[in-house]
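Enquirer:
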Amino acid sequence: MELTHISEIDYNELRYERFDYFIAVCGYQPRCYSLASKTGLNATVKFLLKIDEQINCAERNKHMEFFEANGFTTYTESLTESTAIEKLVNEICNKNIERLNILIDYSCMPKKWYAVIMDNITRNNFRSEKINLFLSYTPKIFEQTDKINNTEYFGPIMQEKDDLRKTKPVTIIAGLDNNAKLLNEAIKQIRPVNIMAFVPESKTDPDYTFSVAENNKLLLEKLSSNHIFRYDMNHPDSINSLLTSCCLDHRINQEVMIIPQGPKVFSMMALLLSVRYPDLKLWEIIGKNGTHAQGQGLPASDPVIVKATFLDDENEEDN
């Protein structure tokens, strides 16, 4: 299917939508069930994705009880596999429904999982001629946590499609977060000809804005001002505009690698852009020995919503 339209919509508009499916994720942070608990969304069928791990966490167990009590059917998936998610996408999209509305809460979803969802939708033509994804992210209240200093994995989010061809020099577009050491190590490994730094800003959470800028001070001081992009992390349309312009300026003569370390709204917009321009490389850095911060991740504001519309390749957008 083809991605034909992306738009930012107001959270309050969700109350006027009818959803065929709602996909949530059970995580360690309370915001994982915030959307499901505080809205009266009318979803016909509700699915829950859960990481396949043996850790017995009281917080996550409590979140599971909420989802189970509210009629969610659970799919369990490991962080390194995608079989269950692919099966779920096929189950949903092959229903004999002409137009599907699917609400996805990716607030606590690993990048690979939502990349797999997008990849499966774009690689296949389903019975549904039109699929509307309502992609919801609940910002969290910023809390100082220990930085991760060791890398467990650095490479393509989708390993089978985003390897470097090594025929062109590389431009890195880096979405900054507080783990600056991991990013600096990745930059040394790739040795790009250009680095474009995207710095998240939040009017509702200035401490986070300051922290990211301060932790990445050494990198930012090395870059010229036209290689630094400051963006409102709660406005996907502006992220999409900046990111698109930056990528299109460099993708002809260089391989563009996006490393979305910043807030997940940035990661999602980078993923949607890579759907439109498959030559863009989407890589991630996973830290080693990261611990789950129980009790953190409280919702900071209403969810940030992006609507992405996919059409069957044989159909044109209707007016």
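Taking the working numbering, the leading residue of the sequence shown gets 3, the next gets one more, and so forth. Glycine included, C-beta positions come from ideal geometry on N, C-alpha and C.
Closer than 8 Å is the cut-off here; do at least three beta carbon pairs connect the region 117-136 with the region 202-221?
Expert: These segments do not touch.
Enquirer: Sort Val214, Tyr210, Gly157 by Cα distance to Glu187 and report the nearest one.
Expert: To locate residue 187, count along the sequence shown from 1; it is residue 185. Cα-wise, what sits closest to Glu187 is Gly157.
Enquirer: Are Phe49 and Ile25 close, meaning C-beta to C-beta below 7 Å?
Expert: Counting from one through the sequence shown, the residue named residue 49 turns up at place 47. Counting from one through the sequence shown, the residue named residue 25 turns up at place 23. Cβ distance < 7 Å, so Phe49 and Ile25 count as in contact.
Enquirer: Specify whether the region 92-101 and the region 52-62 touch according to this definition: at least 3 beta carbon pairs, one from each stretch, less than 8 Å apart.
Expert: No, the region 92-101 does not touch the region 52-62.
Enquirer: How would you label Ala295, buried or exposed, when you count the other beta carbons within 10 angstroms and need 16 or more for buried?
Expert: Residue 295 sits at position 293 when you count from the first residue of the sequence shown. Interpretation of Ala295 is limited by its pLDDT of 48, a score under 50 that renders its predicted location unreliable; the figure taken from the coordinates is listed afterwards. Result: exposed.
Enquirer: Identify, in the order they occur along the chain, each residue of the same chain with its Cβ nearer than 8 Å to the Cβ of Thr206, setting aside the five sequence neighbours on each side.
Expert: The residue labelled residue 206 in the question sits at position 204 within the sequence shown. These residues qualify, in order along the chain: Pro141, Asn236, Ala302, Ser303.
Enquirer: Helix, strand or coil, according to DSSP, for Met198 in the structure here?
Expert: Working through the sequence shown from its first residue, we reach residue 198 at position 196. Three-state result, Met198: strand.
Enquirer: Using three-state DSSP, classify Phe128 as helix, strand or coil.
Expert: Counting from one through the sequence shown, the residue named residue 128 turns up at place 126. Coil at Phe128, not helix or strand.
Enquirer: What separation, rounded to the nearest whole angstrom, lies between the Cα atoms of Cys34 and Leu250?
Expert: Residue numbering aside, residue 34 sits at position 32 when the sequence shown is read from its first letter. Residue numbering aside, residue 250 sits at position 248 when the sequence shown is read from its first letter. Straight-line Cα distance between these residues: approximately 34 Å.
Enquirer: Could you compute how far the alpha carbon of Met1 sits from the alpha carbon of Ala272?
Expert: Since the first and last residues shown for the chain are 3 and 321, residue 1 lies out of range.
Enquirer: Could you give the DSSP three-state label for Pro32: helix, strand or coil?
Expert: Here residue 32 refers to the residue found at position 30 of the sequence shown. Note: Pro32 maps to helix in three-state DSSP.
Enquirer: Does Ala302 come out as helix, strand or coil in the three-state DSSP assignment?
Expert: Locating residue 302 in the sequence shown gives position 300, where the first residue counts as 1. Residue state, collapsed to three classes: coil.
Enquirer: Count Cβ pairs between the region 176-183 and the region 251-265 that sit closer than 8 Å; are there 3 or more?
Expert: Because the criterion of three Cβ pairs below 8 Å is met, the region 176-183 and the region 251-265 touch.
Enquirer: Count the other C-beta atoms from every protein chain shown that fall within 10 angstroms of the C-beta of Asp12, then say buried if there are 16 or more, exposed otherwise.
Expert: Taking the sequence shown and counting its residues from 1, the one referred to as residue 12 is at position 10. So Asp12 counts as exposed.
Enquirer: Does DSSP classify Met259 as helix, strand or coil?
Expert: Walking along the sequence shown from the start, residue 259 turns up at place 257. Three-state result, Met259: strand.
Enquirer: Please tell me whether Asp165 and Leu102 are closer than 7 Å, where the distance is taken between their beta carbons.
Expert: As a working note, residue 165 is residue 163 in the sequence shown. As a working note, residue 102 is residue 100 in the sequence shown. Cβ atoms of Asp165 and Leu102: not closer than 7 Å.
Enquirer: Do Thr76 and Lys52 have their C-beta atoms within less than 7 Å of each other?
Expert: Counted from its first residue, the sequence shown places residue 76 at position 74. Counted from its first residue, the sequence shown places residue 52 at position 50. Yes, they are a contact pair.
Enquirer: Helix or strand or just coil, what does DSSP make of Asp22?
Expert: One-based indexing of the sequence shown puts residue 22 at position 20. Of the three classes helix, strand and coil, the one that applies to Asp22 here is strand, per DSSP.
Enquirer: Do you know offhand how far Thr46's Cα is from Asn122's?
Expert: The residue labelled residue 46 in the question sits at position 44 within the sequence shown. The residue labelled residue 122 in the question sits at position 120 within the sequence shown. Approximately 22 Å, taken between the alpha carbons.
Enquirer: Under the rule that 16 or more other beta-carbon atoms within 10 Å means buried, what is Thr293, buried or exposed?
Expert: Against the sequence shown, residue 293 aligns to sequence position 291. For Thr293, the predicted structure reports a pLDDT of 49, less than 50, and the residue's modelled location is therefore unreliable. The matter cannot be settled from this model.
Enquirer: Give the straight-line distance between the Cα atoms of Leu105 and Asp234, rounded to the nearest whole angstrom.
Expert: Here residue 105 refers to the residue found at position 103 when the sequence shown is read from its first residue. Here residue 234 refers to the residue found at position 232 when the sequence shown is read from its first residue. Each residue's alpha carbon lies about 23 Å from the other.
Enquirer: Candidates Met160, Glu67, Ser80, Asn44: which alpha carbon is nearest Trp285's?
Expert: Position 283 of the sequence shown holds residue 285. It is Met160 whose Cα lies nearest to the Cα of Trp285.
Enquirer: Going by DSSP in three states, Thr211 sits in which element: helix, strand or coil?
Expert: Working through the sequence shown from its first residue, we reach residue 211 at position 209. Helix at Thr211.
Enquirer: If you draw a straight line from the alpha carbon of Pro280 to that of Phe144, how long is it in whole angstroms?
Expert: Working through the sequence shown from its first residue, we reach residue 280 at position 278. Working through the sequence shown from its first residue, we reach residue 144 at position 142. Distance between the alpha carbons of Pro280 and Phe144: 33 Å.
Enquirer: Go through its chain and collect everything with a Cβ distance to Leu204's Cβ below 7 Å, but skip five positions before and after it.
Expert: Along the sequence shown, one-based indexing puts residue 204 at 202. Strictly speaking, residue 204 in this sequence is Ser, with Leu absent from that position. Same-chain partners within the cutoff: Tyr210, Thr211, Met235, Asn236.
Enquirer: Mind checking who Leu313 pairs with in its DSSP beta bridge?
Expert: The residue you call residue 313 lines up with position 311 of the sequence shown. Paired residue(s): Glu4, Lys132.
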